[in-house]
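A short worksheet on the structure shown next.
In this note's numbering, the protein residues as written are 34 to 209.
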């Protein structure tokens, strides 16, 4: 391999200044070892600082973000403004595990995600991923999967366009 296409800095050493960690990415870019860089678990200030150091070579931000955990909303908005991919990890947080089995799953669980899913004949997982995709064109969810059927179901979220009423129903039940 000539170079790593995307090197995602997941957990920088907290004992090393942020600018120094990002500077190491700059060195890898300049040496041609990596083509692009991403950062994870960061604040808006860290995104701005990394963008200043890496410029257009910074292409992604990966933070925890889901229906239940939305405290990375400022980082999502900044990533969108800067044209960076926003990769939410653990994107299904807040969707009960029992709902992941498909459209025949327990709509009786009663959440808006289950109701919208039942109305469309798809899984709550697919609706949660579609909700994430509707948040910003920068969003590229990173769902885990242990079965091929889960992978296919997750991929199906790209074909789901939630309408304004569905989005309002989902948003009305979200925390915060």
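Using N, Cα and C, we set each Cβ at its ideal position, and we do this for glycine too.
Computed from a predicted model, the values in this text were never measured in an experiment.
Could you name each continuous alpha helix (DSSP H) segment of 4 residues or more that falls completely within the stretch 76–137, going from the start of the chain to the end? For the alpha helix (DSSP H) assignment, the uninterrupted runs of no fewer than 4 residues enclosed by the stretch 76–137 are, from N- to C-terminal side, 77–87 and 106–115.
Do residue 67 and residue 37 come within 7 Å of each other at the CB atom, strictly closer than that value? Yes, these two residues count as a Cβ contact at 7 Å.
With the cut-off set at 7 Å, would you say residue 162 and residue 190 are in Cβ contact? Yes, the Cβ-Cβ distance between residue 162 and residue 190 is below 7 Å.
Classify residue 66 as helix, strand or coil using the three-state DSSP reduction. Reduced to three states, the DSSP call for residue 66 is coil.
Name the DSSP beta bridge partners of residue 41, please? For residue 41, which the question treats as bridged, DSSP gives the partners 71.
Close beta carbons around residue 141, own chain, < 7 Å, minus the five adjacent residues each side: Confidence is the limiting factor: at residue 141 the pLDDT is only 49, short of 50, which leaves the residue's position unreliable and the question unanswerable from this model.
So, under 8 Å CB-CB, residue 91 and residue 111 are touching, yes? Tell me the CB distance rounded to an integer number of Å. That belief does not hold up - the Cβ atoms of residue 91 and residue 111 are roughly 12 Å apart, past 8 Å.
Could you spell out the range, first to last residue, of the alpha helix (DSSP H) harbouring residue 210? A query on residue 210 cannot be resolved here, the shown segment of the chain reaching from 34 to 209 and no further.
Outcome for residue 184 when other beta-carbon atoms lying within 10 angstroms are tallied against a minimum of 16: Exposed.
When the Cα of residue 194 is compared with those of 170, 54, 73 and 143, which residue comes out closest? Its Cα nearest to that of residue 194, the residue 170 stands out among 170, 54, 73 and 143.
By Cβ distance below 8 Å, which residues in the same chain neighbour residue 42 in space, the five residues on each side in sequence not counted? Closer than 8 Å at the Cβ level, and outside the excluded window around residue 42, lie 54, 55, 58, 70, 71, 72 and 73.
Run through DSSP, which three-state label would residue 55 get? Note: residue 55 maps to helix in three-state DSSP.
Is the beta carbon of residue 51 closer than 7 Å to that of residue 95? No, the Cβ-Cβ distance between residue 95 and residue 51 is not below 7 Å.
Please report the straight-line C-alpha distance between residue 40 and residue 205, rounded to a whole angstrom. Taking the straight line joining both Cα atoms gives about 37 Å.
Inter-residue spacing [alpha-carbon to alpha-carbon] between residue 135 and residue 49: Legend: pLDDT at residue 135 = 42, less than 50; position of this residue unreliable, value from coordinates given subsequently. Those two C-alpha atoms are separated by around 45 Å.
Buried or exposed, going by whether 16 or more other CB atoms sit within 10 Å of the CB of residue 145? Flag for residue 145 reads buried.
Coarse secondary structure for residue 141, derived from DSSP in three states: In this prediction, residue 141 has a pLDDT of 49, which is less than 50 and means its spatial position is unreliable; what the coordinates show is noted afterwards. Under the three-state reduction of DSSP, residue 141 is assigned to helix.
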